[in-house]
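Student:
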Amino acid sequence: MKSLLKWSTTALLVFSLHAAPVMAEQAKRVGDYAIHYNTLNTDTLNPDVASEYGIQRSKSRAMLNVSVIRTSDNQPVEAEVTASSGMLTGHKQTLQIRKIREGEAIYYISDFPVAHRDTLKFTIRVKPEDSRRTHTIEFQKQFFTE
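Residue numbers -19 to -1, 1 to 127, in mature numbering (1 follows the signal peptide of the UniProt record, and there is no 0), belong to the letters of the sequence shown in order.
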């Protein structure tokens, strides 16, 4: 369990470990998988990390980060990941997900514009490569840009 916690913290917060303040991660356990996800404003990213991954640092941009871990062996798993975000008023956008490999770790990220006090509803769909099932995660997050 300790190695899972250590790995998942490292995997999920690859960007935000270099950020101040560090953002809290969220996780959902489904079957033999733990799906970790978080969002953060990109202005908190370390400039070198943001540059390396082609992410614009800005108070008016945010990032979604997703990783999938097989809990039976604490190993990262490739997955088909799709995501969308929408305003509570109904406007919805599909997020462009990019897969990033860093050593054994696998991350799925997307960055997108946000405005001050926007509350976005996210829908993430994850189908681990060794699973027939697609898992859906929904959550809301309010962003502050000022």
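A virtual CB, placed ideally from N, CA and C, is assigned to each residue, including glycine.
#1: Pick helix, strand or coil for Asp24, following the three-state DSSP scheme.
#2: Using 10 angstroms around the beta-carbon of Phe124, count the other beta-carbons present and answer buried if the total reaches 16, otherwise exposed.
#3: Alpha carbons only, please: which of Val95, Pro94, Phe93 and Ile78 is nearest the one belonging to Ile87?
#4: According to DSSP, what are the bridge partners of Ser65?
#5: Quick check on DSSP: helix, strand or coil for Ser112?
#6: Span of the beta strand (DSSP E) holding Tyr34?
#7: Assign Asp92 to buried or exposed, taking buried as 16 or more other Cβ atoms, counted over all protein chains shown, within 10 Å of its Cβ.
#8: Among residues of its own chain, excluding the 5 on either side of Asp99, which ones have a beta-carbon nearer than 6 Å to its beta-carbon?
Tutor: Inspection of the coordinates gives the following:
#1: In the displayed model, Asp24 falls within a helix according to three-state DSSP.
#2: Buried: at least 16 other Cβ atoms inside 10 Å.
#3: Of Val95, Pro94, Phe93 and Ile78, the residue nearest in Cα terms is Ile78.
#4: Per the DSSP secondary-structure output, Ser65 pairs in a beta bridge with Thr75 and Thr104.
#5: When DSSP states are grouped into helix, strand and coil, Ser112 belongs to the coil group.
#6: For Tyr34, no beta strand (DSSP E) run applies, since DSSP gives it neither H nor E.
#7: Asp92 is buried by the Cβ-count criterion.
#8: If we look at Asp99 and ignore the five residues flanking it on each side, its Cβ neighbours are Phe124.
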